[in-house]
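The sequence shown: position 24 = 25 (my numbering), numbered continuously.
We put the CB at the ideal spot given by N, CA and C, even for glycine.
Note that this is a predicted model, so its numbers are computed, not measured.
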Amino acid sequence: MHDSEYHQRVDDIFMALEESLDDCPADIDYESAGGILTLIFENGSKIILNKQAPLHQIWVATKFNGHHFNLDGEQWIDERTGAEFWQFISEAASRQAEQPVSFSPA
């Protein structure tokens, strides 16, 4: 994967996540700047997603631990747990929002 393709794919994921927040039943704010997307929950906790361009990864830091996602075919997969990105981010956000949250690529 070329750098430009990597950046476009991650930008698309971040944009889809931001758009999903508009329809989310939980009160989750976000900030986006410089390849970093921060989800801010009502209880003050955060999930921070950031580009790791040299490695072509997406790193996600939750209240509980950190995860590194690699592109495998058309899905981003956590290199440690094998979790698919959208399933993982939905579960992590549900845990931190203390209510069910579901995100999808669109």
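Residues bridged to residue i [DSSP beta-bridge criterion]
| i | result |
| --- | --- |
| Y31 | L40 |
| H1 | For residue 1 there is no data in the structure shown, the boundaries of the chain being 2 and 107. |
Given residue i as reference, the closest of the options once Cα atoms are compared
| i | options | result |
| --- | --- | --- |
| G83 | N51, H69 and S95 | H69 |
| N51 | N71, F42, A107 and N44 | N71 |
| E75 | V11, A94 and D4 | V11 |
| G35 | Q53, K47, H57 and I29 | Q53 |
| S91 | G45, L40 and Q58 | L40 |
Whether residue i touches residue j by CB criterion (8 Å)
| i | j | result |
| --- | --- | --- |
| I48 | A93 | yes |
| F42 | I59 | no |
Would you say the stretch 21 to 30 touches the stretch 60 to 70, given that touching needs at least three Cβ pairs under 8 Å? no
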